[in-house]
Amino acid sequence: MFVFVLFIVGRTQKSLFAADFKREVIYQIITDRFFDGSASNNDPPQSAGLYDPTKTNWRAYWGGDLPGIQQRMSYLAGMGVTAIWISPPVDNLNTNIPDANGNPTASYQGYQARDFKRIEEHFGNPNNTWTEFDNLVTAAHQNGIKVIIDFAPNNSTQNNAGEFGALYDNGTFLGNFTNDSNGYFHHNPNISGSGWDDRYQVQYYTLFDLADINQEHATMDAYLKAAARLFQQHGVDGFRIDAMKHLTWGWGYSLANSIYTFDDSFLFGEWFQGNTSDPLYRDSFKFASKSGISLLDFPLNTAIRNVFGSNADFSAIDSVIAQEGNDFAWKEDLVTFIDNHEMARFLSINNNNNRLHQAIAFTLTSRGIPCIYYGTEQYLHNDTGGGTDPYNRPMMSSFSTSTIAYQLINRLSSLRRNNPAIPYGSMGQRWINKDVYIYERKFFESVVLVAINKSETSSYNVSSLNTSLPAGNYSDYLNGLLGGLSITVSSGSDNNNRVTNFRLPAHTVSVWQFTEGAASPQIGSIGPTTGQPGIKVVVAGNNFGTKTGTVKFGATTATVNSWSPTQITVTTPSVVNANYNVTVTNSGGQVSNAIQYTLLAANLIPIKFTVNNASPTEVGDYIFLTGNTVELGNWSASFDSAVGPMLPPNYPNWFIVASVPAGQTILFKFIKIAANSAVTWEAGSNHQYTVPTSGTGFVSVNWQYGGEGQSQPLSSNSTATSMPSRESAGPVGPTSEIRNLEEFDKLPIREKENVLSQDGPLLPPSYNMEDIQMRVFVHGGWPLAISYSLSRGASARLTVATDATEPLIQQLDTGENKDVVIRIPDRFGEAPRVAKIHIRTTVQARHSTSAPFMMHSIGIALEENEGNAGPLAALQSNFPVSKLPSDALMNHLLLNTWTQNRTSPISNVILQPAAIRTSQREDLTYSFVAKTFYRGGAAEFFLYELNPQGELIPELVFRQGIKPLRQGEGVSGRWDGRKSSGEFSYGVHRLGIRMWRELAAGAKWYGLICDPQVTVSR
Ligand SMILES: [Ca+2]
Ligand SMILES: [Ca+2]
Ligand SMILES: [Ca+2]
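Under the working numbering, the letters of the sequence shown match residues 651 to 1668, in that order.
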């Protein structure tokens, strides 16, 4: 158990209750565009020339800085702002990014980090130290304002912007994208087209050329978490996670847990989606409900802009509120907004201050934590180019404290502070038409009723309006600032008190409120919502009293660290991991309502789980992970509670990163959840894995076949140590009887399959597989990935050289799954011609114990460079079968290609089922059976022959007609032909299958050929 108490000299204390943000009003600042508080940092030497004092180059630095925000602190406090979200303050790309006209541009917005542990020289000082940052945090806290930093761990800098994505750790070079022998980055194409809706691509592909950080790499994991902790040590109260949708989602859970382990905080992420029909909407609310990271409310943002900006009916807002209310477990933590730095400002889409005021009033009184984009209160906007980036980021024009918007924000901030119905209450529609929205917030007996009429011209008679407000007269809380009026409420029943009919004037907002007096304790918030024993949790609400009482997790009393009438901090107790009802008992013995807290067994470690050769799927079916801990869903088997969907870039192998408790031995299984929700459990025993106590980890197993659909865990609440395994109802491969490869080869096919689905004894404890030759025809400088997987506990050394005369490219030691990305040396300059490179690899595999093990797969993958119109050319993998233990390896021959091109050849798989040695002219019959897994098009097979040198003979000898194949559908073919040519009438012949595909432009493809059984008869 770790309890951190922070009193570090010279560092800044964060706010006491950082996890309770529901009463806050956030103000989003692009630091460079707010206020220039110091000229000394405007053109620092290490990044000289990126500053434009004329402020005409919208993509240059304009001088705004941290001292500038500090100097405007009383302005912010006077507006009722209680938290600021500042653009990423970390040391940022130092180089110029010329635009299309050669003008210098800079990462003034801060989203291109080069050193997450130093402060950007344009925002602080030319030495990149923390002085100005600390001063800002201190000043903010003195003004009752919390500080949120924008944290952007998805990427470093643009890989083509002069620093090659380089990352530094407090000044020490870590690595860069172009020479990434450590695998700190993902090397994938840019996300584009339908990839924006693809779970794998959004997380692992590249965002706008920004070097995509591999968060699961232990070094990157430690670096990013240490950086976040450093900001906590410097007093930061919260983190806005940039591009959360594009980080590894499962890693996000462990990031949140790492932050909460150090101290309480508030986290919310950017998960862009247009509406609740977005293909990944379900993933978004699953993530927000479980990860500890709330989200910016983009669906509601769309509705707000449509209703107030484009005059859509209020039903557009009402339906999103209702839908998200059903879906998000912690909907009051969603961060709501009208506009931000990624979209045109509201006044650029509708230059109508009335509508802006209505949108502000709605955002500050509806459910969620409101966030105001800087300058909104000054009606700041520049409509050039529609007002989108970068014209949505003008320099702050004025700091007037007398605008209506400024006063409106102040007034409603005060209501949010003082009436718990706003931060914690339910939200329900009471009266609606296309122009009028009357909604009620209610928390126990505290009530706020808001009426908005957005019409510029029409007033409406409001009759039959009911409310929970007690009988009485209510004046407008805004004192007529937006033309509001008073109402009279008479008694009714069941929270349906009748409001005397009234006429609601055009373009008005009225706010009526009632704050409950003394009552029993009422919990409205807990934060974080999940964590292990020993961490700090903030319980917030109302009527806790001034004298300390008790807080219980279930029946267990937690240690109270601080107590106030509205906020309590406690340390989570050491009880078994489960969901607990948390209650507050005041000093008078009155007990509150309960709120749920998920207690974890230990701090979380991100683990990559892979299941190979999983149950075949149709479109809409997914493989999930489930297991015996709360993190793994407690053996649940539903979309929303099991871990997943897993990702199949190497179909039918699926993987997912999940954060699981450190040091615990966990039990798990994989399941298929079909599109119709039918669940298929893999057979066999539960898998078992002991989670490392630090860093990251990975585990890879085979899907267990046999008795599929009948095997389930025995119990939903057993612990890791007591959980008995359950045998499959079906047969399990005779693993224990196989002593060597010869025995394996004698097995019937069905039993071979069973063995293959186990961590079976295919290889002896030490095995050298030398001289796997792969011929690759590829442009120099292109990335080439080599992937392989081994049984648990095995390790291998992979040596790659271009050929015998070329220098070694890479040598590495690894265990289990490994995706190695190497880049072919660009020996061929920029010439767009296809070069031929001979790759020689040596795999020395070794098991950590004397037990035999298995190599599951080996494969190579090529990526086609975006924008390159040329064909990928041929990819030939020449596995000398004679050196392989059996055709088991061929069973998993893997091919991945990605291409933007239409109708270009994908690949040639050159099979060598046996060396076909002929010594005379003769007739041969080839037959083959192969299976392809792919998506996004049709495929056809071609059969070619190779000469003894392994080179493709261009003459086509067999062609399977174009056939639109479903995932997993097999293709078989037979060709009876006469070997008619005498030019290679003797020697070694090789046989290939060539796959083509036809795709719509921009479509993506991946394929796997498995079971490529080829026989030749004379
Ligand atoms: Ca400055
Ligand atoms: Ca910099
Ligand atoms: Ca990413």
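Virtual Cβ for every residue (Gly too), placed ideally from N, Cα, C.
*Validate contact between the segment 1320-1336 and the segment 1235-1253 using beta carbons, cut 8 angstroms, 3 pairs*: no
*Return the bridge partner residues of residue 1317 from the DSSP annotation.*
For the purposes of this step, residue 1317 is identified with residue 667 of the sequence shown, where counting begins at 1. Residue 1317 is bridged to 1338.
*asked:* According to DSSP, is residue 1308 part of a helix, a strand, or is it coil?
replied: Indexing the sequence shown from 1 puts residue 1308 at position 658. Of the three classes helix, strand and coil, the one that applies to residue 1308 here is strand, per DSSP.
*Who pairs with residue 1017 in a beta bridge, going by DSSP?*
Translated into the one-based positions of the sequence shown, residue 1017 becomes position 367. Beta-bridge pairing links residue 1017 to no other residue.
*DSSP state of residue 1343, grouped into three classes?*
On the sequence shown, position 693 is the one that residue 1343 refers to. Residue 1343 falls in the coil class under three-state DSSP.
*Alpha carbon of residue 809 to alpha carbon of residue 761, nearest angstrom*: Position 159 of the sequence shown, counting from 1, holds the residue named residue 809. Position 111 of the sequence shown, counting from 1, holds the residue named residue 761. Cα to Cα, residue 809 sits roughly 13 angstroms from residue 761.
*Cβ-heavy atom distance between residue 742 and ligand 2 below 8 angstroms?*
Looking up residue 742 in the sequence shown gives position 92. For ligand 2, at least one heavy atom lies less than 8 angstroms from the Cβ of residue 742.
*Measure the Cβ-Cβ separation of residue 1093 and residue 1071 and say whether it is below 9 angstroms.*
What you label residue 1093 is simply residue 443 of the sequence shown in a count that begins at 1. What you label residue 1071 is simply residue 421 of the sequence shown in a count that begins at 1. Cβ distance < 9 angstroms, so residue 1093 and residue 1071 count as in contact.
*Is the number of C-beta pairs between the segment 1183-1190 and the segment 669-686 that are closer than 8 angstroms three or more?*
yes
*asked:* What I want to know is whether the C-beta of residue 1005 ends up closer than 8 angstroms to one or more non-hydrogen atoms of ligand 2.
replied: For the purposes of this step, residue 1005 is taken as residue 355 along the sequence shown, with counting starting at 1. The answer is no for residue 1005.
*For residue 1368, which residues from the same chain have a beta carbon less than 7 angstroms from its beta carbon, with the 5 sequence-adjacent residues on both sides left out?*
To locate residue 1368, count along the sequence shown from 1; it is residue 718. For residue 1368, the predicted model reports a pLDDT of 28, less than 50, meaning its position is unreliable and no value from the coordinates is stated.
*Taking residue 1180 as the reference, give the member of 850, 1226, 1250 and 967 with the closest Cα.*
Here residue 1180 is taken as the residue at index 530 of the sequence shown, counted from 1. Of the listed residues, the one whose Cα sits closest to residue 1180 is 1250.
*asked:* Check this for me: beta carbons of residue 946 and residue 984, under 9 angstroms apart or not?
replied: Counting from one through the sequence shown, the residue named residue 946 turns up at place 296. Counting from one through the sequence shown, the residue named residue 984 turns up at place 334. Contact flag set, yes.
*Inter-residue Cα distance where the pair is residue 1290 and residue 1308*: Taking the first residue of the sequence shown as position 1, residue 1290 is located at position 640. Taking the first residue of the sequence shown as position 1, residue 1308 is located at position 658. Taking the straight line joining both Cα atoms gives about 14 angstroms.
*asked:* Using a Cβ-Cβ cutoff of less than 7 angstroms, which residues in the same chain neighbour residue 665 once the five nearest sequence positions on both sides are dropped?
replied: Your numbering for residue 665 matches position 15 in the sequence shown. If we look at residue 665 and ignore the five residues flanking it on each side, its Cβ neighbours are 791, 796 and 887.
_Looking at the secondary structure, which residues open and close the beta strand (DSSP E) in which residue 1081 lies?_
On the sequence shown, residue 1081 is found 431 positions in, with the first residue counted as 1. Residue 1081 -> beta strand (DSSP E) spans 1076-1082.
*Compute the Euclidean distance between the alpha carbons of residue 1194 and residue 1067, then round it to the nearest angstrom.*
Within the sequence shown, numbered from 1, the residue matching residue 1194 stands at position 544. Within the sequence shown, numbered from 1, the residue matching residue 1067 stands at position 417. Looking at the two C-alpha atoms, the distance is approximately 16 angstroms.
*Among residues of its own chain, excluding the 5 on either side of residue 1049, which ones have a beta-carbon nearer than 7 angstroms to its beta-carbon?*
Counting from 1 along the sequence shown, the entry for residue 1049 is found at position 399. Taken in chain order, the residues that qualify are 722 and 725.
*Tell me, please, whether the segment 894-912 touches the segment 935-942 by the rule of three or more beta-carbon pairs shorter than 8 angstroms.*
yes
*Sorry if obvious, but does the Cβ on residue 1079 come closer than 8 angstroms to a heavy atom of ligand 3?*
Stepping through the sequence shown from its first residue, residue 1079 is reached at position 429. Taken from the Cβ of residue 1079, every heavy atom of ligand 3 lies 8 angstroms or farther away.
*First and last residue of the beta strand (DSSP E) that includes residue 1229?*
In the sequence shown, residue 1229 corresponds to position 579, counting from 1. Where residue 1229 is concerned, the enclosing beta strand (DSSP E) stretches over 1228-1235.
*In terms of residue numbering, what span does the beta strand (DSSP E) encompassing residue 1277 cover?*
One-based indexing of the sequence shown puts residue 1277 at position 627. Residue 1277 -> beta strand (DSSP E) spans 1272-1277.
*Below 8 angstroms, can you find three or more Cβ-Cβ pairs linking the segment 974-988 to the segment 1012-1020?*
yes
*asked:* Within 10 Å of its beta-carbon, does residue 1063 have 16 or more other beta-carbons around it, so buried, or fewer, so exposed?
replied: What you label residue 1063 is simply residue 413 of the sequence shown in a count that begins at 1. By the 10 Å Cβ count, residue 1063 comes out buried.
*In three-state DSSP terms, what is residue 719?*
Here residue 719 refers to the residue found at position 69 when the sequence shown is read from its first residue. For residue 719, the three-state secondary structure derived from DSSP is helix.
*State the beta-bridge partners of residue 741 as determined by DSSP.*
Counted from its first residue, the sequence shown places residue 741 at position 91. 765.
*Between residue 745 and residue 1312, what straight-line distance do the alpha-carbon atoms span, to the nearest angstrom?*
Locating residue 745 in the sequence shown gives position 95, counting from the first residue. Locating residue 1312 in the sequence shown gives position 662, counting from the first residue. Rounded to the nearest angstrom, the two C-alpha atoms are 40 angstroms apart.
*Whose C-beta lies closer than 8 angstroms to the C-beta of residue 1201 among residues of the same chain, with five residues either side of it excluded?*
Along the sequence shown, read from residue 1 onward, the residue named residue 1201 stands at position 551. Within the same chain, residue 1201 has close Cβ partners 1189, 1207, 1208, 1210, 1218, 1220, 1232, 1233, 1234 and 1235.
*Cα-Cα separation between residue 833 and residue 911, rounded to whole angstroms*: Translated into the one-based positions of the sequence shown, residue 833 becomes position 183. Translated into the one-based positions of the sequence shown, residue 911 becomes position 261. C-alpha separation (whole angstroms): 27 angstroms.
_Where the alpha helix (DSSP H) through residue 868 begins and ends_ = By 1-based counting over the sequence shown, the position of residue 868 is 218. Residues 868-883.
_Between which residues of its own chain and residue 874 is the CB-CB distance below 8 angstroms, once the five residues before and five after are set aside?_
By one-based count along the sequence shown, residue 874 stands at place 224. 766, 803, 863, 865 and 905, listed in sequence order.
*Just the Cα atoms here: how many angstroms apart are residue 967 and residue 1354?*
As a working mapping, residue 967 is identified with position 317 in the sequence shown. As a working mapping, residue 1354 is identified with position 704 in the sequence shown. When rounded, the distance between both Cα atoms is 47 angstroms.
*the segment 1166-1178 contacting the segment 1043-1058, beta-carbon criterion three pairs below 8 angstroms*: no
*For residue 781, which residues of its own chain have a beta-carbon under 7 angstroms away from its beta-carbon, when the five flanking residues on both sides are left out?*
For this step, residue 781 is matched to residue 131 along the sequence shown. Cβ contact annotation for residue 781 (same chain, cutoff 7 angstroms, sequence separation greater than five): 774 and 775, in chain order.
*Decide if residue 696 is buried, meaning its Cβ has at least 16 other Cβ atoms within 10 Å, or exposed.*
Against the sequence shown, residue 696 aligns to sequence position 46. Residue 696 is exposed by the Cβ-count criterion.
_Could you pull the DSSP bridge partners for residue 1066 from this structure?_
Working through the sequence shown from its first residue, we reach residue 1066 at position 416. Paired residues: none, contrary to the question.
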